[in-house]
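Okay, structure first, notes after.
Residue numbers (UniProt numbering): 1 to 131.
In structure tokens form, the structure reads like this:
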């Protein structure tokens, strides 16, 4: 009986030593990793990523997309079929720094409002040809 107890204790100690040498164990509160289009192998301290071409936000903390649908901001895990033809891996995006709130509508209205007036394009009137 004592021999079994010693063997069990020895096995427990050996397994603890083996597990200790395996390296650090990282525990994270995030259940999923970020999407592949967002900075692989890099930690960013932003909550939202904005795709200006499509007016889509991605919430990194909740792992869902936000898009405008008939004047209402929708939160979904998977984009609807009308967005399936876009490749977010190749799309331009902007990291939204300094905003970590839940109401993306107010942030979007304050920072991404497009006016109906046209702005004049700057042109270079003194062009020269190179031969």
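Using N, Cα and C, we set each Cβ at its ideal position, and we do this for glycine too. Just so it is clear, the structure is predicted and the values come from calculations on it, not from any experiment.
In DSSP terms, what residue i is bridged to
| i | result |
| --- | --- |
| residue 54 | Partner(s): none; residue 54 has no beta bridge. |
| residue 67 | 56 and 74 |
| residue 93 | Partner(s): none; residue 93 has no beta bridge. |
| residue 49 | 58 and 95 |
Span of the alpha helix (DSSP H) around residue i
| i | result |
| --- | --- |
| residue 109 | 104-111 |
Simplified DSSP state of residue i, which is helix, strand or coil
| i | result |
| --- | --- |
| residue 8 | helix |
| residue 1 | coil |
| residue 80 | coil |
| residue 88 | coil |
Buried versus exposed call for residue i [16 or more other C-beta atoms within 10 Å across all chains shown]
| i | result |
| --- | --- |
| residue 7 | exposed |
| residue 47 | buried |
| residue 108 | buried |
| residue 60 | buried |
Close beta carbons around residue i, own chain, < 6 Å, minus the five adjacent residues each side
| i | result |
| --- | --- |
| residue 57 | 48, 50, 66 and 104 |
| residue 100 | 47 |
Cut-off 7 Å between Cβ atoms - residues of its own chain near residue i, not counting five sequence neighbours on either side
| i | result |
| --- | --- |
| residue 86 | 54 |
| residue 68 | 55 |
| residue 52 | 92 and 94 |
Residue i beta carbon near the ligand ATP (any heavy atom closer than 7 Å)
| i | result |
| --- | --- |
| residue 97 | Ligands displayed in this structure: none; no statement on the ligand ATP is therefore possible. |
Same chain, Cβ closer than 8 Å to residue i, neighbours up to 5 away in sequence not counted
| i | result |
| --- | --- |
| residue 78 | 65 |
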